[in-house]
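Trainee: Structure incoming, see below.
4 protein chains.
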Amino acid sequence: MARISKELREIVRERLIEAGARQFAEAGLAGARIDVISRDAGFAKGTVYNYFASKQELFGAVVEEGARRAAGRFAQADPGGSVRARLRAAAEADVSVLREQEDFIKVLVREAMSFRPDTYPIIEAHLAPYLFAVAGVLAEGVACGDVRDDRPVPQLALMFVGTLSLLYVQHWASNGAWPTLDEIPELAVTWFFDGAASHAAGERA
Amino acid sequence: MARISKELREIVRERLIEAGARQFAEAGLAGARIDVISRDAGFAKGTVYNYFASKQELFGAVVEEGARRAAGRFAQADPGGSVRARLRAAAEADVSVLREQEDFIKVLVREAMSFRPDTYPIIEAHLAPYLFAVAGVLAEGVACGDVRDDRPVPQLALMFVGTLSLLYVQHWASNGAWPTLDEIPELAVTWFFDGAASHAAGERA
Amino acid sequence: MARISKELREIVRERLIEAGARQFAEAGLAGARIDVISRDAGFAKGTVYNYFASKQELFGAVVEEGARRAAGRFAQADPGGSVRARLRAAAEADVSVLREQEDFIKVLVREAMSFRPDTYPIIEAHLAPYLFAVAGVLAEGVACGDVRDDRPVPQLALMFVGTLSLLYVQHWASNGAWPTLDEIPELAVTWFFDGAASHAAGERA
Amino acid sequence: MARISKELREIVRERLIEAGARQFAEAGLAGARIDVISRDAGFAKGTVYNYFASKQELFGAVVEEGARRAAGRFAQADPGGSVRARLRAAAEADVSVLREQEDFIKVLVREAMSFRPDTYPIIEAHLAPYLFAVAGVLAEGVACGDVRDDRPVPQLALMFVGTLSLLYVQHWASNGAWPTLDEIPELAVTWFFDGAASHAAGERA
DNA sequence: AATGAATGAGTCTTCATTCAT
DNA sequence: GATGAATGAAGACTCATTCAT
Numbered sequence: 259m260a261r262i263s264k265e266l267r268e269i270v271r272e273r274l275i276e277a278g279a280r281q282f283a284e285a286g287l288a289g290a291r292i293d294v295i296s297r298d299a300g301f302a303k304g305t306v307y308n309y310f311a312s313k314q315e316l317f318g319a320v321v322e323e324g325a326r327r328a329a330g331r332f333a334q335a336d337p338g339g340s341v342r343a344r345l346r347a348a349a350e351a352d353v354s355v356l357r358e359q360e361d362f363i364k365v366l367v368r369e370a371m372s373f374r375p376d377t378y379p380i381i382e383a384h385l386a387p388y389l390f391a392v393a394g395v396l397a398e399g400v401a402c403g404d405v406r407d408d409r410p411v412p413q414l415a416l417m418f419v420g421t422l423s424l425l426y427v428q429h430w431a432s433n434g435a436w437p438t439l440d441e442i443p444e445l446a447v448t449w450f451f452d453g454a455a456s457h458a459a460g461e462r463a
Numbered sequence: 259m260a261r262i263s264k265e266l267r268e269i270v271r272e273r274l275i276e277a278g279a280r281q282f283a284e285a286g287l288a289g290a291r292i293d294v295i296s297r298d299a300g301f302a303k304g305t306v307y308n309y310f311a312s313k314q315e316l317f318g319a320v321v322e323e324g325a326r327r328a329a330g331r332f333a334q335a336d337p338g339g340s341v342r343a344r345l346r347a348a349a350e351a352d353v354s355v356l357r358e359q360e361d362f363i364k365v366l367v368r369e370a371m372s373f374r375p376d377t378y379p380i381i382e383a384h385l386a387p388y389l390f391a392v393a394g395v396l397a398e399g400v401a402c403g404d405v406r407d408d409r410p411v412p413q414l415a416l417m418f419v420g421t422l423s424l425l426y427v428q429h430w431a432s433n434g435a436w437p438t439l440d441e442i443p444e445l446a447v448t449w450f451f452d453g454a455a456s457h458a459a460g461e462r463a
Numbered sequence: 259m260a261r262i263s264k265e266l267r268e269i270v271r272e273r274l275i276e277a278g279a280r281q282f283a284e285a286g287l288a289g290a291r292i293d294v295i296s297r298d299a300g301f302a303k304g305t306v307y308n309y310f311a312s313k314q315e316l317f318g319a320v321v322e323e324g325a326r327r328a329a330g331r332f333a334q335a336d337p338g339g340s341v342r343a344r345l346r347a348a349a350e351a352d353v354s355v356l357r358e359q360e361d362f363i364k365v366l367v368r369e370a371m372s373f374r375p376d377t378y379p380i381i382e383a384h385l386a387p388y389l390f391a392v393a394g395v396l397a398e399g400v401a402c403g404d405v406r407d408d409r410p411v412p413q414l415a416l417m418f419v420g421t422l423s424l425l426y427v428q429h430w431a432s433n434g435a436w437p438t439l440d441e442i443p444e445l446a447v448t449w450f451f452d453g454a455a456s457h458a459a460g461e462r463a
Numbered sequence: 259m260a261r262i263s264k265e266l267r268e269i270v271r272e273r274l275i276e277a278g279a280r281q282f283a284e285a286g287l288a289g290a291r292i293d294v295i296s297r298d299a300g301f302a303k304g305t306v307y308n309y310f311a312s313k314q315e316l317f318g319a320v321v322e323e324g325a326r327r328a329a330g331r332f333a334q335a336d337p338g339g340s341v342r343a344r345l346r347a348a349a350e351a352d353v354s355v356l357r358e359q360e361d362f363i364k365v366l367v368r369e370a371m372s373f374r375p376d377t378y379p380i381i382e383a384h385l386a387p388y389l390f391a392v393a394g395v396l397a398e399g400v401a402c403g404d405v406r407d408d409r410p411v412p413q414l415a416l417m418f419v420g421t422l423s424l425l426y427v428q429h430w431a432s433n434g435a436w437p438t439l440d441e442i443p444e445l446a447v448t449w450f451f452d453g454a455a456s457h458a459a460g461e462r463a
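Just so you know, the protein sequences line up as chains A, G, C and Z, in that order. So the number in this note's numbering is just where the residue sits in the first sequence, counting from 1, plus 258. So the number in this note's numbering is just where the residue sits in the second sequence, counting from 1, plus 258. So the number in this note's numbering is just where the residue sits in the third sequence, counting from 1, plus 258. So the number in this note's numbering is just where the residue sits in the fourth sequence, counting from 1, plus 258.
Written as structure tokens, this is what we have:
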């Protein structure tokens, strides 16, 4: 099976990453088993190691791919306009990724929320572009006075992404009862801008 | 003698659970090592098995104990006054518990975020009184018009507790850089009432 | 099986080292299999790891033990007198160790002669006391004029030990035909002092 | 075309064997990696298997080739004169071969020292002409009284070749520090005729 | 004939669990 | 009840070998 084309190699890699996303979402980094991943992708155990040097590295690739997909969708769906509208679009893009790639997002969110010393650096490294994109929108918001300027933009970005993540967790924890995926973008933006409890929030939403 | 023996047994059990909390907080369920827990509690490896049938069971006991300890955290301080002030007091009480029981809380938050089928119900059960207390305050807030009335109170309670948890995670993930524990109560309340991004929030804070 | 006495622990360790010597003598460091060693010593696979951190470390212990046994025998059998006589006694002691501990000596000689980058340092480190003992005798020989003084003593020691090793190899390679173990001490000393070919050697021997 | 093809095939085989010699010299049979050998020879992994059925077989071919190359080494230079001078010339010829074929010689010496049942006969067979040549010189030495006559000439030949090998090993083990290749012929002859320790040796050298 | 992706047997190593003392 | 040595299942990772292209 030699002389495989570069594209075929890429396809196999992709399949392994997707199988990895399923395993890692289900079992976490420590609990995931390499040979399950390989089998799930349709290959024998050893094949994973033709593409990734170690379980850690495969995990990193899964995280990276997850972040890349989310970020890509992000970029596409920037309607311009108010910061609020743009962040809402971003959240919608994120949710639409979640619908299609739930495993990837689960890995991202779960491991990010678990901040294990061995996985958090990986997550952080690969999440950077994603946070960067959000931060870009927020920076413009600060510039035009739509966003408070007394808090560092990176912190704000973390808070926005955290809000989204938290809503996902609540969605999963309630087995989809509340919030539903449909509600999440609006909830995230409202919460982020107006808080969860205030009337203003209620009114504006 | 049976009496003393029983008490002694309880003390040993407690020590094992505390050592377990430390390990599980650091390494997670899969990564934790029985041997380290036992040694850390001052016993030899085998002793754990005189008290718990398996690592899983010890883990369950840690989660349960953590939930039990955390559950008490709320009753303590209710200064009365505005909803805002009362929730802030609640958050402060929560943080003060966190200071003392950081390992337990870490395990709890992690597990909550992973909603494993075998531990999530435990967490949920023990979280209930806490959520109930928060909900009580919020309900009064709704009644007096300080809190929006178009969202179910239980959802609001979940969002408040979620905000706190998210801030904890960010605290841990940043190695305490931001937010610091001191900042968390104010941040939580502001975020919950006014959002993270708005000027109103900045002004009021 | 707890509370084993220190002596029992030592005995088990010894058994593992001896089984290790057998395996390493037969298969070398790379080829040796941990579970064969453990089984051969009468234990399950994992037991080796209760005594040694890794295969390398067990190998080091085997080499050390081999060198220790050989060196010990060396020290006991120093009759004093001429350097020639003392080295002969040393060689005889060495051969008597070889008779009883052939596996250990085989490991030592084979790996020393293979100077593999990963094993040679281990061998060198553990062989040091052995070489040191020989060097001590030779240094006295230099002092009293029985040994040439224009060559560094450590080189001479290496040459003597090398001579012995070479004879062992020839013994093994010929399946014991020549030289026999009985002949080795005399051969080694003669060769070392008088050469292999000269008449002087023939006469004196 | 068949002709060229056959020659080409021979060339590729040769390159693989030389690359094999490098790997085996460095890592031994067990430690050598097919993949490294093939790459080093300028081919992809699988190519080795178009020429050799297995790693073992390639190893055998390397040993055989090494022995073949080394076998020619002696015929070259026989200056006549004293036995001593002729053996010295032989040793010099040997060292000059070593300089060019170091990897092969390393593999050979190692294997000779390990006398594995499957390779030792090969080595022995190819060593025979070399030993025979040395034995021829020695026999003349015995005849003219320059070499002791109370030891079988084949044994003497083995001892001479063994001396050389031992010096090689010490050269390699010391990373070339001592003895240097330049010193080896003189050392070998001196040691062989006069011993390593005696004054006579020192004086005559 | 060369290629190199896929394979899977083989090994080290870890560590929860057991149990004799 | 405490101990810690022994156990062996489990799992990551290696790499010789195969074989489709």
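Glycine included, each C-beta is placed from N, C-alpha and C at the ideal position.
Since residue 291 (chain C) meets chain Z, which of its residues come closer than 9 Å, beta carbon to beta carbon?
Mentor: Per Cβ cutoff of 9 Å: no residues; residue 291 (chain C) is ~11 Å from chain Z at best.
Trainee: Determine the extent of the alpha helix (DSSP H) in which residue 409 (chain G) is found, giving its start and end residues.
Mentor: Segment: none, residue 409 (chain G) is in no alpha helix (DSSP H) and carries neither H nor E.
Trainee: Do you know how far the Cα of residue 304 (chain G) is from the Cα of residue 320 (chain G)?
Mentor: Cα to Cα, residue 320 (chain G) sits roughly 18 Å from residue 304 (chain G).
Trainee: Who are the neighbours of residue 352 (chain A) on chain G, taking C-beta pairs under 9 Å?
Mentor: Neighbours of residue 352 (chain A) on chain G: none; closest Cβ ~16 Å, over 9 Å.
Trainee: Any idea what DSSP makes of residue 416 (chain C), helix, strand or coil?
Mentor: Here residue 416 (chain C) sits in helix by DSSP.
Trainee: Pick from A:354, A:422, A:423 and A:395: whose alpha carbon is nearest that of residue 215 (chain A)?
Mentor: The displayed coordinates of chain A run from 259 to 463. Any statement about residue 215 (chain A) would go beyond what the structure contains.
Trainee: Smallest Cα separation from residue 454 (chain C): which of Z:270, Z:284, Z:405 and Z:442?
Mentor: When each option's Cα is compared against that of residue 454 (chain C), the closest is Z:405.
Trainee: Note down, in chain order, each residue of its chain lying with its Cβ closer than 6 Å to the Cβ of residue 272 (chain Z), except the 5 sequence neighbours on either side.
Mentor: Closer than 6 Å at the Cβ level, and outside the excluded window around residue 272 (chain Z), lies no residue.
Trainee: For a contact defined as C-beta to C-beta under 8 Å, what are the partners of residue 420 (chain C) on chain Z?
Mentor: What residue 420 (chain C) touches in chain Z: 424, 427 and 428.
Trainee: Please identify the residue among C:266, C:292 and C:267 whose C-alpha is closest to the C-alpha of residue 277 (chain C).
Mentor: The shortest C-alpha separation from residue 277 (chain C) is found at C:292.
Trainee: Which whole-angstrom value describes the C-beta separation of residue 364 (chain G) and residue 449 (chain G), a residue pair presumed to lie in contact below a C-beta threshold of 8 Å?
Mentor: The Cβ separation is near 21 Å, so there is no contact.
Trainee: Consult DSSP for residue 430 (chain C) and reduce its assignment to one of helix, strand or coil.
Mentor: DSSP places residue 430 (chain C) in helix when its eight states are reduced to three.
Trainee: Alpha carbon to alpha carbon, how far is residue 444 (chain G) from residue 452 (chain G)? Give it in angstroms, no decimals.
Mentor: In a straight line, the C-alpha of residue 452 (chain G) is about 11 Å away from that of residue 444 (chain G).
Trainee: Please return the same chain residues whose Cβ sits closer than 7 Å to the Cβ of residue 343 (chain A), not counting the five positions on each side in sequence.
Mentor: For residue 343 (chain A), where only same-chain residues beyond five positions count, the Cβ hits under 7 Å are 337.
Trainee: Just checking my contact of residue 422 (chain C) with residue 446 (chain C) at CB under 8 Å: how many whole Å lie between their CB atoms?
Mentor: Correct: roughly 5 Å between the Cβ atoms.
Trainee: Could you check how far apart the C-beta atoms of residue 390 (chain Z) and residue 345 (chain Z) are, in whole angstroms? I think they sit under 8 Å.
Mentor: Wrong, their Cβ atoms sit about 14 Å apart, outside the cutoff.
Trainee: Around the C-beta of residue 281 (chain C), are 16 or more other C-beta atoms found within 10 angstroms, so that it is buried, or is it exposed?
Mentor: Flag for residue 281 (chain C) reads buried.
Trainee: At least one CB of chain C closer than 8 Å to the CB of residue 312 (chain Z): is that the case?
Mentor: So, not an interface residue.
Trainee: Using a cut-off of 7 Å between C-beta atoms, extract the partners of residue 457 (chain Z) located in chain C.
Mentor: Simply 406.
Trainee: Please list, in chain order, the residues of the region 353-377 of chain G that have any C-beta partner in chain A closer than 7 Å.
Mentor: Cβ contacts with chain A come from 368, 371, 372 and 373.
Trainee: Taking Cβ positions only, does residue 440 (chain Z) come closer than 8 Å to chain C?
Mentor: No, its Cβ sits nowhere closer than 8 Å to a Cβ of chain C.
Trainee: So residue 478 (chain A) contacts chain G; which residues on that side make the cut at Cβ distance below 9 Å?
Mentor: The displayed coordinates of chain A run from 259 to 463. Any statement about residue 478 (chain A) would go beyond what the structure contains.
Trainee: Please identify the residue among G:314, G:366, G:397 and G:302 whose C-alpha is closest to the C-alpha of residue 325 (chain G).
Mentor: Residue G:366 is the option with its Cα nearest to residue 325 (chain G).
Trainee: Ignoring anything shorter than 4 residues, give me the alpha helix (DSSP H) runs that lie fully in the region 321-373 of chain A, in order along the chain.
Mentor: If we require 4 residues or more, the alpha helix (DSSP H) runs fully inside the region 321-373 of chain A come out as 341-358 and 360-372.
Trainee: In this structure, does DSSP put residue 440 (chain Z) in helix, strand or coil?
Mentor: It is coil, neither helix nor strand.
Trainee: Excluding the 5 residues preceding and the 5 following residue 459 (chain A) in the sequence, name in chain order all residues of the same chain whose CB lies nearer than 6 Å to its CB.
Mentor: Summary for residue 459 (chain A): the model assigns pLDDT 47, below 50, so the residue's position carries little reliability, and this model does not support an answer.
Trainee: Return the chain-ordered list of same chain residues with a C-beta closer than 7 Å to the C-beta of residue 425 (chain C), the five sequence neighbours on each side being excluded.
Mentor: Taken in chain order, the residues that qualify are 437, 442, 445 and 446.
Trainee: Tell me the DSSP secondary structure of residue 259 (chain G) in three-state form.
Mentor: Any reading at residue 259 (chain G) must be qualified, since the residue scores a pLDDT of 45, below 50, and its modelled position is unreliable; the value itself is stated next. Correct three-state label for residue 259 (chain G): coil.
Trainee: Step through the CB atoms of chain G and report whether any lies within less than 8 Å of the CB of residue 330 (chain A).
Mentor: No, its Cβ sits nowhere closer than 8 Å to a Cβ of chain G.
Trainee: For residue 358 (chain G), count neighbouring C-beta atoms within 10 Å of its own C-beta (all shown protein chains included) and say buried if the count is 16 or more, exposed if not.
Mentor: By the neighbour-count rule (16 or more Cβ atoms within 10 Å), residue 358 (chain G) is not buried but exposed.
Trainee: CB residue 523 (chain A) to CB residue 334 (chain A), shorter than 8 Å?
Mentor: Lying outside 259 to 463, the shown extent of chain A, residue 523 (chain A) is not represented and no answer is given.
Trainee: Return the chain-ordered ranges of every alpha helix (DSSP H) run that is complete within the region 262-331 of chain A and spans a minimum of 4 residues.
Mentor: Qualifying alpha helix (DSSP H) stretches, in chain order: 264-289, 292-299 and 306-309.
Trainee: Please confirm if residue 386 (chain Z) has its CB atom under 8 Å from at least one CB of chain C.
Mentor: It does not; no Cβ of chain C falls within 8 Å.
Trainee: Leaving aside the five residues before and after residue 463 (chain C) along the sequence, list all residues of the same chain whose C-beta is less than 6 Å from its C-beta, in chain order.
Mentor: In this predicted model, residue 463 (chain C) has a pLDDT of only 42, less than 50, meaning its place in the structure is not dependable enough to derive any value.
Trainee: Does chain G have any CB closer than 8 Å to the CB of residue 450 (chain A)?
Mentor: Answer yes: the Cβ-Cβ gap between residue 450 (chain A) and chain G drops below 8 Å somewhere.
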